[in-house]
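Inspection log for the structure reproduced underneath, given as structure tokens.
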Amino acid sequence: MKLRKKLFSSLAVATCLSLNAQNTNNFVVQANKVGAEIQPTMYGLFFEDINFGADGGLYAELVKNRSFEFPQNFMGWNIFGNVKLMDDGPFKNNPHYVRLGNSGHREKHTGVENEGFFGIGIKQGEKYRFTVWARGENQKIGVELIKNNLSENHQALVKGSLNIDSKEWKKYELVLEAPVTEAKSHLRIFLESKGDVDLEHISLFPVETWKGHENGLRKDLVQALYDIHPGVFRFPGGCIVEGTDAETVYNWKKTVGPVEDRPLNENRWHYTFKYRFFPDYFQTCGLGFYEYFLLSEEIGAEPLPILNCGLICQYQNDPESQIKMEDLDPFIQDALDLIEFANGNVNTKWGKLRADMGHPAPFNLKFVGIGNEQWGSMYPERLKPFLAAINKKYPNIKVVGSSGPQSEGKDFDYLWPEMKKLKADLVDEHFYRPESWFLAQGNRYDNYDRKGPKVFAGEYACHGKDKKYNHFNASLLEAAFMTGLERNADIVHMATYAPLFAHVEGWQWRPDLIWFDNLNSVRTCSYYVQQLYSTNKGTNVIPLTMNKKPVSGQPGQNGLFASAVVDKVKSEYIIKVINTSDTAQPVSINIEGAGKKFNLSNGEMITYSTTELNSDNTLENPSLILPKTEKISKEGKSFEADIAPKTFVIYKFKK
Ligand code: AHR
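The sequence shown begins at 5 in the working numbering and counts up by one.
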């Protein structure tokens, strides 16, 4: 019986294989039909402070609660000896500080010790800049990075001292070199003299931040962003923009100017997931709007700030408790002032602040988003006056509106026509959807209205049912879906995966594009898919069809998805093919209209594939699943290939 079963199943495989061989999928690429331009903004990044993405993540500050402004002022700190909390400090918006006083006994010590974000990660041989605002006469403090492990004889890994020599508040600095690598060290500051010493804004940064900026960003994380070559950078959220309540609404004006005086905000993700909430999740806004603009510039992306439209998070608040229309003016003014901050000349109020912060040249802002995931009539009602004011004062700025939190359905169907009526320039769509959705949506944009606003696929990721974690198959389906974005580049102008970052010990939401701990980071399979698209986006769409139809995974297309572009600058044709099926797919690709001289002799093939469909790269094994590039050479203008199951292939041929 067993043998018969085995025979039958191998026969079935053989039949299937020979059927496949006969049913070659015939792709035709029309190289001379150069279509829509692919926008430089097409593939980008969306950053939000979720999963400890900013404080504790991208923002390289290593001290948690550096200004003692958390509602429990000593959260993140251990204090010992004679430590007093004071509230008349030098920074108006962050008035708390600590006073270290004499312990009253020669064997007792006074000091404070910070636990960082899940510990303080330090790397052997790297330097760390400790800074503190202090006052005191002829006083001395000790500063140590310690091993948070009491079993060691001596906890201090490295120690320095600072003489505090002024009655007035003054900034002091000390650079410590880490003698070892330690993911979870602590920072300890203690009195070495008789006291009193006042300490405020106690900070520790790696000296080696991205581009060496003080108040800078984690180098490995920005490098990962840079390596995607993003065309657009959306920030700072997401729901962050909306806030949990009126007090926590994100206000860009509170995130600029001296870092010491930027008021603390409670992170909107602080409470969200009851099973995984972090009561110590606050925003120092040390990574604020100036830093976001600078980062966009340095990674070569168009900045796309999202501003509150006058609605607090609609998931968390009833319509009755919303911001009223009569209170909308300050929100509109904030939007206008932001454009001035980014682009205004140095004689304007906000342009001057930008210059004072170190960037006299404008940031050349072109886009602004009003609202995140909004729904119902309250949204267009609010967007309308924003559009009127922005269009009037800054007619060249493109405004992005929202289509709500769903990829289809009642709210979506209501908002899209509203966005058209209001003439939003782009509409932001969000879809965290299961595998079946991604498989079915390859043709999503084929029939969109070409005369309406452009599309910004602003937040998306494949979330497998019961598989809400990063895995290769999800990234493959994202790649498949993205052929439809590319083919419709005439109306799809931007697309950004979400969320971007997650700390392995501090995440609320997954999957995410990049994971990190206190020392290292890992690029997921979804990251590599984004990178493959972004670095092979070409300049113009060219038609690719099978039986005269786009290859979008529709019934009868054997689970295949494909798109083609020409890169006029690099002078090459780029063909992307994704086989989402479980069997190898024979494909013939015929490039028509490329000219007499064209042949396929000078080509390159990038393959992204694995048999471990449920796996992904990890911090322990960051290179588990990487794309592979090889040279290929074919004769003539057409070729045949077997696309392996569950595989993403890119072919590139020089014109
Ligand atoms: O990306 C995570 C969240 O998903 C965003 O904050 C929000 O816009 C969406 O609901």
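Quick reminder that beta carbons are idealized off the backbone N, C-alpha and C, glycines included.
Fair warning: this is a prediction, and the values are worked out from it, not measured in the lab.
Query                                                                                                                   : Result
Under 8 Å between C-beta atoms of Leu480 and Phe652                                                                     : yes
Residues near Ala25 in its chain [Cβ-Cβ closer than 7 Å; skip 5 each side]                                              : Bear in mind that a pLDDT of 46 at Ala25, under 50, signals an unreliable position, so the model cannot answer this.
C-beta atoms of Cys243 and Arg272 nearer than 8 Å                                                                       : yes
Exposure of Asp202, with buried meaning 16 or more beta-carbon neighbours within 10 Å                                   : buried
Simplified DSSP assignment, three categories, for Gly120                                                                : strand
Proximity winner among Pro334, Ser440 and His363, relative to Phe390 (alpha-carbon distances)                           : Pro334
heavy atom of the ligand AHR below 7 Å from Glu52 C-beta                                                                : yes
Ser525 versus Asn77, Tyr132, Asp224 and Pro44, residue with shortest Cα-Cα distance                                     : Asp224
DSSP state of Thr248 mapped onto helix, strand, coil                                                                    : coil
3-residue-minimum beta strand (DSSP E) runs that sit fully inside the segment 55-109, ordered along the chain           : 81-84, 86-90 and 101-105
Reference Asp521, options Gln535, Ala506 and Thr528, closest by Cα                                                      : Ala506
Residues of its chain near Leu208, where Cβ-Cβ distance is below 6 Å and the 5 sequence neighbours each way are ignored : Leu66, Val67, Tyr132, Phe134 and Leu191
Local conformation of Phe416 per DSSP, three classes                                                                    : helix
8 Å Cβ cutoff met for Ala478 and Gly468                                                                                 : yes
Tyr47 - containing beta strand (DSSP E), residue span                                                                   : Tyr47 to Phe50
Trp513 Cβ short of 7 Å to the ligand AHR heavy atom set                                                                 : yes
According to DSSP, residues forming a beta bridge with Asn29                                                            : Val591
Gly261 beta carbon less than 8 Å from that of Lys188                                                                    : no
Stretch pair the segment 248-257 + the segment 216-236: three plus CB contacts closer than 8 Å                          : no
Nearest to Ile636 (by Cα), restricted to the options Leu604, Leu623, Leu630 and Phe416                                  : Leu604
Start-to-end residues for the beta strand (DSSP E) that takes in Thr181                                                 : For clarity, residue 181 is Glu in the given sequence; the question names Thr instead. Ala160 to Glu181 is the span of the beta strand (DSSP E), which, as asked, contains Glu181.
Beta-carbon proximity list for Lys638, same chain, < 6 Å, skipping 5 on both sides                                      : Leu604
Residue from His274, Val569, Gly85 and Val496 with nearest C-alpha to Arg110                                            : Gly85
Beta-carbon proximity check, Phe237 vs Leu308, cutoff 8 Å                                                               : yes
Residue span of the beta strand (DSSP E) that contains Trp137, given as start and end                                   : Lys131 to Lys151
The segment 569-586 / the segment 614-628 touching (three or more Cβ pairs under 8 Å)                                   : no
Ala465 beta carbon less than 8 Å from that of Tyr436                                                                    : yes
Extent of the continuous alpha helix (DSSP H) to which Ala493 belongs                                                   : Unbroken run through Ala493: none, as it is neither H nor E.
Three-state secondary structure (DSSP) of Leu426                                                                        : helix
Contact set for Phe293: own chain, Cβ-Cβ below 6 Å, skip 5 residues either direction                                    : Trp256, Thr259 and Val260
Span separating the alpha-carbon of Glu344 from that of Thr352                                                          : 7 Å
Distance between Tyr452 and Val459 (C-alpha atoms, nearest Å)                                                           : 9 Å
Whole-angstrom distance between Ala64 and Thr660, CA atom to CA atom                                                    : Residue 660 is absent from the model: the chain starts at 5 and stops at 659.
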